[in-house]
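Heads up: the sequence shown runs through residues 1 to 387, numbered per the UniProt record's numbering.
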Amino acid sequence: MSSDVEMEDASGGGQATENGNSSWPSKGLDKGKGKAKAKEEENEDSVDLLPWVEKYRPSTLDDLVSHKDITATVERFIDANRLPHLLFYGPPGTGKTSTILAMARRIYGERWKNNVLELNASDDRGIEVVREQIKSFASTRNVFSAVGGGTTAAPGGYKLIVLDEADAMTTAAQGALRRVIEQYTRNVRFCIICNYVNKIIPAIQSRCTRFRFNPLEMDQVEGRLDHVIDSEKCNVTQDGKEALLKLSKGDMRRALNILQACHAAYEDKIDETAVYACTGNPHPSDIELIVGSMMNDEFSTSYNYVSSLKVSKGMAMADMVSGIYDFLMTLKLPPTARIYLLDQLATIEHRLSTGCSERIQLSALLGAVKVSVQLADKAKKAGHKAK
Ligand SMILES: Nc1ncnc2c1ncn2[C@@H]1O[C@H](COP(=O)(O)OP(=O)(O)OP(=O)(O)O)[C@@H](O)[C@H]1O
Ligand SMILES: [Mg+2]
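Below, the structure written as structure tokens:
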């Protein structure tokens, strides 16, 4: 977990001109406050209808089950009123958006929506938006803060501009942001969120304190899953939970989505088979059969067997490749054979992602397994000879 701290000098040329409550330009909330309030109340009533990822989105920093070092650092920044510009990056479903929303609630309390301009990939974020919308929001200052009681004037009162999914922003728009970030540091803090940090231009990266959100640890996902399982009264078996954790790969959003889908489809009992059937991922026992046949049967027999299993179980070739990869890790193979097979799996996965024919890739995979079996035999013989 990194936090390459590159703090910025908190001086800027921005002018504090008006009360910060006034602007949230893109959403037009100011016009229909009554309506918005009614809508929010309605939303609260229908919280049960929300997908579980939203229903169980952590609302405070303490609710986040991971990245305690990041939340602790951010909390210290907030308490000391020295929040720098932030750059959160990391794979999906690891809590980046949730962290910034929880931070906003922590800083502004109930008024957070008035003090935060949140722009994500669904909003236009071309260069005009940077020049107009972001600049006009940034040129006004916030005078209230929830830190220290809720109604006290904030000494360094700033608002937040959250640029979610910023890797989708054009380079020109990012370029235009450079000066805006510096110029309005007195009034606003930017929080830039993305999956791929290399898509953010270096000049912006150097203006922000960077935090990497790693995939969640299994036990962290498990802790949160247990909470949801209890609250929703799901009937999940131990092997079902293990399958869920394995398939989530550290992505909390994926774990919750799979759980909800399984709960809808298999209400009485969610076991390993149910989880794999629900997600369309090949069951480990099927993968074992496939690899066994590829290693031991003759080429065309194995090809026919695997193809028919693939059709009858509705497996996608890409899922099969990643299942075989997991299984391979549990097998004892001589290094040459393992390395060869891993390399081939990587190539086949890449080809599949570019839309190649599954039939041809299946035969290539079968060929690769056969070659690696030969390599394994050779290595074994060489080993015996050496003895
Ligand atoms: N650390 C966490 N603790 C608890 N729940 C989490 C955590 N991370 C993610 N979640 C769950 O996953 C959902 C998605 O999280 P979030 O939107 O914060 O992900 P993200 O990192 O912004 O992903 P993306 O890069 O796809 O935008 C949340 O609604 C929440 O239910
Ligand atoms: Mg997000």
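Glycine included, each C-beta is placed from N, C-alpha and C at the ideal position.
- Shown here, R125 sits in coil according to DSSP, grouped into three states, outside any helix or strand.
- Annotation note: the region 264-303 contains the following uninterrupted alpha helix (DSSP H) runs of length 4 or greater, listed N- to C-terminal: 272-279 and 284-296.
- Within its own chain, the residues whose Cβ lies closer than 8 Å to the Cβ of D319, once the five positions on either side in sequence are excluded, are G280, N281 and P282, listed in chain order.
- A check of alpha carbon separations from Y56 across P284, S231 and L177 identifies S231 as the nearest.
- Relative to ligand 1, G250 has its C-beta separated by 7 Å or more from all heavy atoms.
- Of E182, L352, D297 and V371, the smallest CA-CA separation from R338 is found for V371.
- If the five residues before and after R178 are omitted, its C-beta is found closer than 6 Å to the C-beta atoms of A203, all from its own chain and listed in chain order.
- At a cut-off of 7 Å, the beta-carbon of I193 counts as near ligand 2: some heavy atom of the ligand is closer than that.
- Judged by their CB atoms, L87 and I161 are not nearer to each other than the 8 Å cut-off.
- Beta-bridge partners assigned by DSSP to C194: Y89.
- In this structure, ligand 2 has a non-hydrogen atom nearer than 7 Å to the beta-carbon of D164.
- Counting along the chain, no alpha helix (DSSP H) covers F211; the unbroken beta strand (DSSP E) around it starts and ends at T209 to R212.
- The Cβ atoms of D239 and D219 do not sit closer than 8 Å to each other.
- With contacts defined as CB atoms closer than 8 Å, P84 and T209 qualify as a contacting pair.
- Taking the Cα of P92 as reference, the smallest distance to any Cα among N120, T71 and N195 is reached at N195.
- Relative to ligand 1, L87 has its C-beta separated by 7 Å or more from all heavy atoms.
- When only Cα atoms are considered, S307 and T347 end up about 20 Å apart.
- Setting aside the 5 residues that flank it on each side, A265 is surrounded in the same chain by C278, each with a C-beta closer than 6 Å to its C-beta; the list follows chain order.
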